[in-house]
Amino acid sequence: KQWLLRSSSGEEFYGRYCVMATGTLSSVNQPKFAGLDKYQGDWYVTGRWPHDGVDFSGKNVGIIGTGSSAVQAIPVIAKEAKHLTVFQRTANYSIPAKNRPLGSNEVDDIKKRYAEIRKEARESRAGIASMKPGSNSAMSVSEIERHNEYQRRWDEGGTGFTAAYSDIGTDDTANFTAAEFVRDKIRETVNNSVTAELLAPTNTIGCKRLCADTDYYETYNRVNVTLLDVNVDPIKGLVKEGVQTENNVYEFDIVIFAIGFDAMTGALLSMNIKGKEGLQLRDIWSDGPQSYLGLSMAGFPNLFTITGPGSPSVLSNMMTSIEQHVEWIRDCLSYMEAGGFREIEPKPSAEERWMSHVEEIAANTLRYTCNSWYVGANIPGKKRIFMPYAGGIPPYREKCDQVAASGYDGFNIS
Ligand SMILES: Cc1cc2nc3c(=O)[nH]c(=O)nc-3n(C[C@H](O)[C@H](O)[C@H](O)COP(=O)(O)OP(=O)(O)OC[C@H]3O[C@@H](n4cnc5c(N)ncnc54)[C@H](O)[C@@H]3O)c2cc1C
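Remember, this note's numbering sits 1069 above the position in the sequence shown when you count from 1.
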């Protein structure tokens, strides 16, 4: 028994094992706006950016979306374009990225400590060595102390901001203090108070993926940037000249769609994967993805997924999680070959238990409560289910190691 891979040109490849390293954020959410075919300007999708760049100079540009990609694209485009109009549906929290060139001493120091840094990353909750999570509850410290800690993390930059206290991700009151700090920063930064309020998110901080930016909020002080709220004036579609909303037509030379990805399952489901007895992954996952450890699915023997749904994946530094999966799969294949086995497949009961555990862990976090791509809410019709494992890398790694050490508990091997 082998896997058969058939390419679109009809070429066929056979292999006893198949490893899906197809990415969690590789399947772009293609724009499906009415009238796109009638629009006469140029348009681009951030997730499929032309490798030779886009010239915005002297152009009227519209950008739809204010997630991670837009937050990073907007300041850069605004510097070049004649005018940039931003269509916002949901305001997002963004922390200064503080990207900068590294000094040669820093580079030398990091290179000397590679092994130590990688070990720290492997043992940390999110797979990031430099992220130092606070162990106190946000409400257990004074308001001044809390403010100073948020300020310190804001100055340091990066998404470690929400790791300041142990309960920002689980307790509404703690979360509010971090959210309000960022909202105050937005109000301080953005000169126009109406624009500032529009940019100030009202949802839970860290519920959607936290953004990191360079001068995102500052960009709204430029005279060539306009922010529009599509909740007030929804987009109807595109017309010959540009974007049509309920009340207006906005003329653009270029429209950019920064509307995200069909995360975690998009690439896998686009491949028409058929398992035992013609089982279609698309059918099995119609009620949301099911997987044992995010590594393997019942009904699909000898098929492995790197950073699949049910593993820490997008809630961690991906390199750390990818390496852990690659090493686990390598060891599994060595075990199979050494033992003369031909087939490995998770037991449906083990898969069910694991997915219930994934759900239970997620349900204890605030991330579970909002519409984000973690739950597939950005893709119309996608079943709402919290896809990544929210328990952190160390307990997940321990579980994977235990499974391997026990001779692959939860799997049928023959
Ligand atoms: C804008 C953006 C920012 C990100 N920032 C970070 C970050 O700061 N830190 C972090 O850890 N992660 C980040 N990520 C997540 C990122 O996806 C991973 O870090 C990393 O790219 C994952 O590597 P991968 O090899 O698993 O997947 P990818 O790099 O996505 O590679 C998947 C490959 O599979 C190919 N593929 C997919 N389907 C098929 C098919 N049917 N046939 C043939 N080939 C196929 C794709 O073309 C691609 O080459 C970011 C992602 C995006 C989109």
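All residues carry an ideal CB built from backbone N, CA and C; glycine is no exception.
Practice item. Please report the Cβ distance between N1316 and D1302, rounded to the nearest whole angstrom; I am assuming they are in contact, meaning their Cβ atoms lie under 8 Å. Key: 5 Å
Review point. Nearest CA to the CA of T1258: which residue from G1116, G1079, S1163, F1410?
Key: S1163
Exercise for review: Report the rounded CA-to-CA distance for E1080 versus L1074, giving the unit in angstroms.
Suggested key: 8 Å
Point to revise | Residue of D1322, G1275, D1241, A1269 minimising C-alpha distance to L1296 | key: A1269
Review point. DSSP state of K1305, grouped into three classes?
Key: strand
Review point. Does the Cβ of L1296 lie closer than 7 Å to at least one heavy atom of ligand 1?
Key: no
Practice item. For S1126, write down the residues that DSSP places opposite it in a beta bridge. Key: A1150
Review point. Cα-Cα, which of V1145, V1292, G1311 is closest to Q1109?
Key: G1311
Review point. What three-state label does DSSP hand T1239 in the structure shown?
Key: coil
Check your understanding: Looking at the structure shown, is L1279 part of a helix, part of a strand, or coil, going by DSSP?
Key -> coil
**Study point:** Secondary structure, alpha helix (DSSP H): runs of 4+ residues fully inside the region 1082–1140
**Key:** none
Check your understanding: Going by DSSP, what residues sit across from P1457 in a beta bridge?
Key -> None, per the DSSP bridge assignment.
Practice item. Please report the residue range of the alpha helix (DSSP H) in which N1217 lies. Key: 1212–1225
Review point. Thinking C-alpha only, which one of G1450, F1373, P1378, N1440 is nearest Y1086?
Key: F1373
Exercise for review: Say yes only if the C-beta of S1339 is nearer than 7 Å to one or more non-hydrogen atoms of ligand 1, and no if none qualify.
Suggested key: yes
Review point. Helix or strand or just coil, what does DSSP make of S1206?
Key: coil
Practice item. Jot down the residue ranges of each uninterrupted alpha helix (DSSP H) in the region 1343–1394, minimum 4 residues, whole runs only, in chain order. Key: 1350–1353
Check your understanding: Can we count L1094 as close to ligand 1, meaning its CB is less than 7 Å from some heavy atom?
Key -> yes
Review point. For I1391, is the beta carbon positioned less than 7 Å from some heavy atom of ligand 1?
Key: yes
Exercise for review: Enumerate in chain order the residues of its own chain whose CB-to-CB distance from S1096 is below 7 Å, with the five nearest sequence positions on each side excluded.
Suggested key: F1330, D1331, G1335, A1336, S1339
Check your understanding: With which residues is Q1313 paired in a DSSP beta bridge?
Key -> G1306, V1318
Practice item. Below 6 Å CB to CB, which residues in the same chain sit around E1218 once its five sequence neighbours on both sides are set aside? Key: A1233
Exercise for review: Measure the C-alpha to C-alpha separation of G1445 and G1357 and round it to an integer number of angstroms.
Suggested key: 9 Å
Exercise for review: Please name the residue in G1450, E1214, V1251 whose C-alpha comes closest to that of S1355.
Suggested key: G1450
Practice item. Could you tell me if the beta carbon of T1231 falls within a distance shorter than 7 Å of some heavy atom in ligand 1? Key: no
Exercise for review: Identify every run of the alpha helix (DSSP H) within the region 1171–1202, keeping only runs that are complete inside it and at least 4 residues long; order them along the chain.
Suggested key: 1173–1181, 1183–1192
Practice item. Please indicate yes or no: does the CB of A1474 lie closer than 7 Å to some heavy atom of ligand 1? Key: no
Exercise for review: Return helix, strand or coil for Q1071, following the three-state DSSP convention.
Suggested key: coil
Check your understanding: Candidates T1273, S1262, R1191: which alpha carbon is nearest T1231's?
Key -> T1273
Practice item. Can you tell me the Cβ-Cβ gap for G1134 and F1326, rounded? I've got them flagged as a contact below 8 Å. Key: 7 Å
Check your understanding: Looking only at C-alpha atoms, which of F1455, E1421, D1470, A1407 sits nearest to S1483?
Key -> A1407
Point to revise | Span separating the alpha-carbon of R1466 from that of S1441 | key: 26 Å
Review point. To which residues does DSSP link F1330 through a beta bridge?
Key: V1097
Exercise for review: Report whether the distance from the Cβ of N1386 to the nearest heavy atom of ligand 1 is below 7 Å.
Suggested key: yes
Review point. Straight-line CA distance for V1176 to R1182?
Key: 10 Å
Review point. For D1236 versus S1193, is the C-beta distance shorter than 8 Å?
Key: no
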